[in-house]
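S.K.: Submitted below is the structure of interest, expressed as structure tokens.
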DNA sequence: CTGAAAGCGCTAACAG
DNA sequence: CTGTTAGCGCTTTCAG
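Residue numbers (the working numbering), protein chains in the order written: chain H, 21 to 375; chain S, 21 to 375.
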């Protein structure tokens with residue numbers, strides 16, 4: 021049923037070598053022959069078998085992108101960047117979803133290793149160095165996305181998450197908040213850790229300001245809703261006047277649960293809220309969410325550039341680490357409290373400080 | 021550099037056939053040999069070459085999923101359903117994004133045809149029957165997702181979009197709205213057409229009710245924002261008291277632009293809003309959006325089932341068409357207008373009817 | 001410019 | 001239970 025070069029060759033009265041040349045180097049074949057062969061190809065509906073071609077070439081023409089969560093708009097934006105840049109260079113993109121699971125990440129890396137993809141872009145969960153090193157030793161370049169390798173061994177394109185965390189916290193402090201709550205997790209995700217670290221830096225410089233941490237099991241809307249209940253209690257108890265969520269999904273989920281119910285929390289009157297990523301839904305939330313913006317599409321496109329560079333230059337060249345700076349986008353969720361409202365909790369706010 | 025079965029065989033002092041057996045039928049090899057070979061495999065870091073295996077097998081172990089828009093949470097939910105069901109059967113999933121472009125859809129279908137994937141799940145834009153038929157004639161089963169084929173030639177899993185459109189419109193009519201605006205596009209997308217058709221059916225049965233249509237270039241947040249401005253003018257002119265958007269992204273985008281600016285429109289006081297898909301952000305929007313829910317994960321999982329069934333039973337068996345029923349989820353965006361507000365436009369509302 | 005032939009790495013008979 | 005061998009479909013020298 022499936023038609024191969026051989027049949028095309030027979031039918032066109034040429035050899036398989038010539039058919040192959042028509043396909044790959046048509047300029048080196050007599051025009052008349054090219055035409056005749058192409059005609060037969062159409063007639064027979066011949067489609068080259070990628071597996072065979074790849075077997076010879078030793079490598080496929082696809083690059084893989086493994087993300088932490090396809091349901092997170094940030095990553096789909098990155099994926100778009102990757103895809104458009106990759107297709108310009110003739111590569112197609114295989115998108116895989118590790119879902120924040122180390123195991124699934126590993127399964128996909130194995131799969132892509134067996135497939136001998138042309139390269140792997142990965143937003144790794146932990147630091148599965150052995151696995152990544154093995155890919156590379158097999159000639160498959162690896163570029164870390166949205167993450168710098170702990171030990172500088174892989175090229176990477178990332179955003180300064182520590183700076184981003186600091187931006188977010190500083191903004192909250194600047195607008196008069198003092199009891200911050202950081203919400204994020206799992207801790208093994210470097211982005212979460214860095215954003216927290218940045219926030220802590222800002223908080224540590226303001227006397228009397230405190231930073232509590234609530235861990236979540238994942239960076240999703242659903243986890244945000246759960247965390248929202250925790251935050252609600254903290255706010256009600258006067259222990260929290262600002263929340264910094266490790267990403268926008270969490271922030272939006274939290275907002276949803278905090279605003280609901282009979283004991284609704286007001287945002288930003290009772291508590292300020294800042295998220296991370298600036299996904300398009302952040303601006304569309306009940307209370308538009310202040311967020312730390314990352315250049316998602318650019319991250320993806322740049323990652324492809326680094327990958328192609330590594331392919332050309334060879335593995336042992338100097339690794340590049342490209343780091344973008346995040347940007348704070350202020351919206352209503354973190355507006356300074358109107359004096360009237362603010363006053364009510366002002367005393368409680370200053371108490372721990374002894375004032 | 022890359023190590024093959026041959027080297028493993030040499031090092032373990034066995035033949036390549038035995039190595040292959042250890043890999044694929046270990047029960048038919050003496051335990052001691054299995055162990056020795058496995059040890060060498062680890063030592064050498066051998067990883068089987070998928071291309072070679074596939075070349076022999078004639079087919080890969082991946083199934084492809086081509087969606088209209090990866091940035092649409094509805095499709096990522098479908099993708100999750102596909103992925104989990106596929107992995108249970110040992111298939112991996114290649115996700116591709118046609119981005120509502122016929123051309124890109126075609127490029128991906130070609131790619132997957134060359135890759136001889138085990139099957140293709142596609143949410144087609146138009147009706148590229150020739151392309152799909154060719155895939156099938158090549159032994160690659162095709163299942164339509166979220167869409168019934170015009171001519172019954174492919175198995176499909178879909179949701180009754182006409183019923184969904186009717187549900188939405190009926191709900192708006194039931195809550196007293198009469199001047200409906202349908203927003204969606206491009207028209208070539210069947211889902212859009214069907215939802216409109218359903219809405220029209222409901223509207224046609226209510227004397228005095230009208231349905232206008234605004235076309236959009238895509239089903240995205242950004243397009244929704246544009247359409248929101250159009251709707252704003254219509255509402256202000258008293259020509260519209262309800263909007264039915266073809267999906268939630270549009271609805272949320274519209275809401276965002278209508279609620280903003282100096283001339284803000286109130287939802288649901290001035291206009292009711294209903295979306296489609298019930299993505300998780302719908303409930304989290306400024307005004308929680310009433311939406312028509314589709315069982316997204318189930319759609320994906322079922323599509324995989326049909327695909328595997330077609331593989332087993334052979335192409336010529338009776339095609340299955342599975343159709344789920346949508347469900348209306350009522351939220352604040354379509355609440356009936358409070359009497360006070362409603363009264364203002366009530367006269368205008370009844371005028372066309374002559375009452 | 002075209003043909004013949006040698007594999008790429010793997011699996012599936014078929015012998016032993 | 002294990003070894004030998006013949007391709008899967010393609011590209012790529014190397015001769016003509």
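Idealized CB from N, CA, C, for every residue including glycine.
Computed from a predicted model, the values in this text were never measured in an experiment.
#1: Just to confirm, are residue 163 of chain H and residue 152 of chain H a CB contact at a threshold of 7 Å?
#2: Does DSSP classify residue 130 of chain H as helix, strand or coil?
#3: Residue 314 of chain S CB to nearest chain H CB: under 7 Å?
#4: Confirm, please, whether the CB-CB distance from residue 356 of chain S to residue 196 of chain S is below 7 Å.
#5: Since residue 90 of chain S meets chain H, which of its residues come closer than 8 Å, beta carbon to beta carbon?
#6: What number of angstroms, rounded off, separates the C-alpha of residue 277 of chain S from the C-alpha of residue 348 of chain S?
#7: Give the interface partners of residue 216 of chain H over in chain S, defined as CB-CB distance under 7 Å, in chain order.
#8: Look at residue 201 of chain H and residue 240 of chain H and say whether their C-beta atoms are less than 7 Å apart.
#9: Any contact between the region 168-177 of chain S and the region 221-240 of chain S? By contact I mean 3 or more CB pairs, one from each, below 8 Å.
#10: From what residue to what residue does the alpha helix (DSSP H) around residue 231 of chain H run?
#11: Residues of chain S with CB closer than 9 Å to the CB of residue 65 of chain H, please, in chain order.
#12: Using alpha carbons as the reference points, say which of S/31, S/290, S/308 lies closest to residue 257 of chain S.
#13: Judging by CA-CA distance, which residue of H/78, H/97, H/314, H/79 is the nearest neighbour of residue 87 of chain H?
#14: Considering only their Cβ atoms, is the gap separating residue 102 of chain H from residue 85 of chain H smaller than 7 Å?
#15: Is it right to say residue 76 of chain H is buried, meaning 16 or more other beta carbons lie within 10 angstroms of its own, or is it exposed?
#16: Quick check: the region 298-306 of chain H against the region 128-139 of chain H, are there 3 or more CB pairs under 8 Å?
#17: Is it the case that the Cβ atoms of residue 54 of chain H and residue 42 of chain H are separated by a distance below 7 Å?
#18: For the region 127-157 of chain H, which residues have a CB atom closer than 7 Å to at least one CB atom of chain S, in sequence order?
#19: Are the C-beta atoms of residue 22 of chain H and some chain S residue less than 7 Å apart?
#20: By how many angstroms is the C-alpha of residue 319 of chain S removed from the C-alpha of residue 178 of chain H?
#21: Are the C-beta atoms of residue 264 of chain S and some chain H residue less than 7 Å apart?
#22: For the region 292-315 of chain S, which residues have a beta carbon sitting closer than 7 Å to at least one beta carbon of chain H?
#23: Kindly list, in the order they appear in chain H, the residues whose Cβ is closer than 7 Å to that of residue 161 of chain S.
#24: Check residue 58 of chain S in the structure and name its three-state DSSP category.
#25: Would you report the Cα separation of residue 194 of chain S and residue 214 of chain S, rounded to the nearest angstrom?
#26: If contacts are defined as beta-carbon pairs under 8 Å, then residue 345 of chain S and residue 91 of chain S qualify, I think. What distance do you get, rounded to the angstrom?
#27: Which residues in chain H have a C-beta closer than 7 Å to the C-beta of residue 93 of chain S? List them in chain order.
#28: Which partner residues does residue 310 of chain S have in the DSSP bridge list?
#29: Give the C-beta separation of residue 266 of chain H and residue 274 of chain H to the nearest angstrom, bearing in mind that I take them to be a contact with Cβ-Cβ under 8 Å.
#30: Run through DSSP, which three-state label would residue 193 of chain S get?
#31: Can you give me the Cβ contacts of residue 316 of chain H inside the same chain, cut-off strictly under 6 Å, excluding the 5 residues immediately before and after it?
#32: Could you work out which residues of chain S lie near residue 69 of chain H, taking near to mean beta carbons separated by less than 8 Å?
#33: For a test of the three-state rule: what should DSSP assign to residue 401 of chain S, helix, strand or coil?
#34: Could you work out which residue in S/156, S/150, S/127 is closest to residue 140 of chain S when comparing CA atoms only?
#35: Looking at C-alpha atoms only, which residue of S/219, S/48, S/109, S/305 is the closest neighbour of residue 378 of chain S?
#36: What residues in its chain sit with their C-beta under 7 Å from that of residue 328 of chain H, if we drop five residues either side in the sequence?
M.R.: This is what the structure holds:
#1: Stepping through the first chain from its first residue, residue 163 of chain H is reached at position 143. Stepping through the first chain from its first residue, residue 152 of chain H is reached at position 132. No, they are not a contact pair.
#2: Here residue 130 of chain H refers to the residue found at position 110 when the first chain is read from its first residue. Looking at residue 130 of chain H - three-state DSSP - the assignment turns out to be helix.
#3: Along the second chain, one-based indexing puts residue 314 of chain S at 294. For residue 314 of chain S, the answer is no, since every Cβ of chain H falls outside 7 Å of its Cβ.
#4: Residue numbering aside, residue 196 of chain S sits at position 176 when the second chain is read from its first letter. Residue numbering aside, residue 356 of chain S sits at position 336 when the second chain is read from its first letter. Yes, these two residues count as a Cβ contact at 7 Å.
#5: As a first step, residue 90 of chain S is located in the second chain; it is residue number 70 there, counting from the start. Neighbours of residue 90 of chain S on chain H, chain order: 90, 96, 99, 100, 115.
#6: Taking the first residue of the second chain as 1, we reach residue 277 of chain S at position 257. Taking the first residue of the second chain as 1, we reach residue 348 of chain S at position 328. When the Cα atoms are used, residue 277 of chain S and residue 348 of chain S turn out to be separated by approximately 24 Å.
#7: Position 196 of the first chain, counted from the start, is the residue given in the question as residue 216 of chain H. Under a criterion of Cβ atoms nearer than 7 Å, no residue of chain S is adjacent to residue 216 of chain H; the nearest Cβ is some 24 Å distant.
#8: To locate residue 201 of chain H, count along the first chain from 1; it is residue 181. To locate residue 240 of chain H, count along the first chain from 1; it is residue 220. No, these two residues do not count as a Cβ contact at 7 Å.
#9: Counting Cβ pairs under 8 Å, fewer than three are found: no touch.
#10: Position 211 of the first chain, counting from 1, holds the residue named residue 231 of chain H. It is not in any alpha helix (DSSP H) - residue 231 of chain H instead sits in the beta strand (DSSP E) that spans 230-235.
#11: Here residue 65 of chain H refers to the residue found at position 45 of the first chain. Neighbours of residue 65 of chain H on chain S, chain order: 154, 157, 158.
#12: Locating residue 257 of chain S in the second chain gives position 237, counting from the first residue. The option with the nearest alpha carbon to residue 257 of chain S is S/290.
#13: Translated into the one-based positions of the first chain, residue 87 of chain H becomes position 67. Comparing alpha carbon positions, the residue from H/78, H/97, H/314, H/79 closest to residue 87 of chain H is H/97.
#14: Here residue 85 of chain H corresponds to residue number 65 of the first chain, with the count starting at 1. Here residue 102 of chain H corresponds to residue number 82 of the first chain, with the count starting at 1. Closer than 7 Å, so yes.
#15: To locate residue 76 of chain H, count along the first chain from 1; it is residue 56. Looking at its Cβ environment, which holds fewer than 16 other Cβ atoms inside 10 Å, residue 76 of chain H is exposed.
#16: Taking 8 Å as the limit for Cβ pairs, the verdict is that the region 128-139 of chain H does not touch the region 298-306 of chain H.
#17: Within the first chain, the letter at position 34 stands for residue 54 of chain H. Within the first chain, the letter at position 22 stands for residue 42 of chain H. Taking 7 Å as the Cβ cut-off, residue 54 of chain H and residue 42 of chain H qualify as a contacting pair.
#18: So the list reads 131, 133, 134, 135, 136, 154, given in the order they occur along the chain.
#19: By one-based count along the first chain, residue 22 of chain H stands at place 2. At least one chain S Cβ lies under 7 Å of residue 22 of chain H.
#20: Here residue 178 of chain H refers to the residue found at position 158 of the first chain. Here residue 319 of chain S refers to the residue found at position 299 of the second chain. So the two alpha carbons sit approximately 35 Å from each other.
#21: Residue mapping note: residue 264 of chain S aligns to position 244 of the second chain, counting from 1. Chain H places no beta carbon closer than 7 Å to that of residue 264 of chain S, leaving this residue out of the contacts.
#22: Within the region 292-315 of chain S, the residues whose Cβ lies closer than 7 Å to any Cβ of chain H are, in chain order, 300, 301, 303, 304, 305, 306.
#23: Position 141 of the second chain, counted from the first residue, corresponds to residue 161 of chain S. Within 7 Å Cβ-Cβ: nothing; residue 161 of chain S doesn't reach chain H, min ~14 Å.
#24: Here residue 58 of chain S refers to the residue found at position 38 when the second chain is read from its first residue. In the three-state DSSP reduction, residue 58 of chain S falls in the helix class (H, G or I).
#25: Counting from 1 along the second chain, the entry for residue 194 of chain S is found at position 174. Counting from 1 along the second chain, the entry for residue 214 of chain S is found at position 194. Distance between the alpha carbons of residue 194 of chain S and residue 214 of chain S is about 21 Å.
#26: Position 325 of the second chain, counted from the start, is the residue given in the question as residue 345 of chain S. Position 71 of the second chain, counted from the start, is the residue given in the question as residue 91 of chain S. Residue 345 of chain S to residue 91 of chain S, Cβ: 26 Å. No contact.
#27: What you label residue 93 of chain S is simply residue 73 of the second chain in a count that begins at 1. Those are 91, listed as they occur along chain H.
#28: In the second chain, counting from the first residue as 1, residue 310 of chain S sits at position 290. DSSP, once it has assigned bridges, lists S/294 as partnering residue 310 of chain S.
#29: As a first step, residue 266 of chain H must be located in the first chain, where it is residue number 246. As a first step, residue 274 of chain H must be located in the first chain, where it is residue number 254. Not quite, the Cβ-Cβ distance comes to about 11 Å (not below 8 Å), so this is no contact.
#30: In the second chain, the residue the question calls residue 193 of chain S occupies position 173. Note: residue 193 of chain S maps to helix in three-state DSSP.
#31: Here residue 316 of chain H refers to the residue found at position 296 when the first chain is read from its first residue. 94, 97, 98.
#32: Taking the first chain and counting its residues from 1, the one referred to as residue 69 of chain H is at position 49. Scanning chain S for C-beta atoms nearer than 8 Å to the C-beta of residue 69 of chain H yields 75, 134, 136, reported in chain order.
#33: Residue coverage of chain S in this structure runs from 21 to 375, which leaves residue 401 of chain S outside it and unanswerable.
#34: Taking the first residue of the second chain as 1, we reach residue 140 of chain S at position 120. Nearest to residue 140 of chain S by alpha-carbon distance, out of S/156, S/150, S/127, is S/156.
#35: Since the first residue of chain S shown is 21 and the last is 375, residue 378 of chain S is not available in this structure.
#36: The sequence position of residue 328 of chain H within the first chain is 308, counting from 1. If we look at residue 328 of chain H and ignore the five residues flanking it on each side, its Cβ neighbours are 109.
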